[in-house]
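First comes the structure, then the notes that go with it.
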Amino acid sequence: MYIWGSAIKCLFPIHSVHYIKIYPYERRWRQNEKRWAEANRRLSRIEEALGVTAEGLCSRYVWEDLREEIYTKGEAVVKRARSAKVDNVDLLVETNRHVDAVEVKIRPRVKDVGALLAKADVVRHVFGKGAVPVLAGAWVGDDVGE
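Residue 8 is where the sequence shown starts when you use the working numbering, and the numbers rise one by one after that.
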């Protein structure tokens, strides 16, 4: 199979015709590159959708547990916000006594604990109340649990 070489066309007079030969394995290689690029785009969209869905479900389960705990302590919920603007906290639950800053990670690491503590400090300064950092995750390793 031959493909017209547009770069060569500009270098030579109009009456001469030049072609660049592309071998079958090169064509297959290019087709495979296109397929892998499309597969990578689709995979990243799937990962993103799965992450958002898992974070939403985890946030809801944490909210249900926190709500019961808050009501049993006799506190009242003032405000609840997902994806709060305050330092990108995943779930922010403000009660009349304190603020719960919830960070949801599917597989939390030790560095996530430090980041959550920093976010809790920001929340404490913004709201002027005590902040309770809560790290929720599906696969919490032993190193993070300690």
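Heads up, the beta-carbon is just placed ideally off N, CA and C, and yes, glycines get one too.
Given the structure is predicted, the values throughout are model-derived calculations rather than measurements.
What runs of the alpha helix (DSSP H), each 4 residues or longer, lie entirely inside the region 102 to 134? 117 to 134
DSSP state of Ala56, grouped into three classes? helix
Suppose contacts are defined by Cβ-Cβ distances below 7 Å. Is Asp97 in contact with Lys126 by that definition? no
Going by the DSSP bridge assignment, what does Arg89 pair with across the sheet? Leu98
For Glu110, which residues of its own chain have a beta-carbon under 6 Å away from its beta-carbon, when the five flanking residues on both sides are left out? Asp97, Leu123, Leu142
Assign Val147 to one of three DSSP states: helix, strand, or coil. Annotated three-state conformation of Val147 is coil, per DSSP.
Please report how far the alpha carbon of Cys65 lies from the alpha carbon of Lys41, in whole angstroms. The C-alpha of Cys65 lies about 36 Å from the C-alpha of Lys41.
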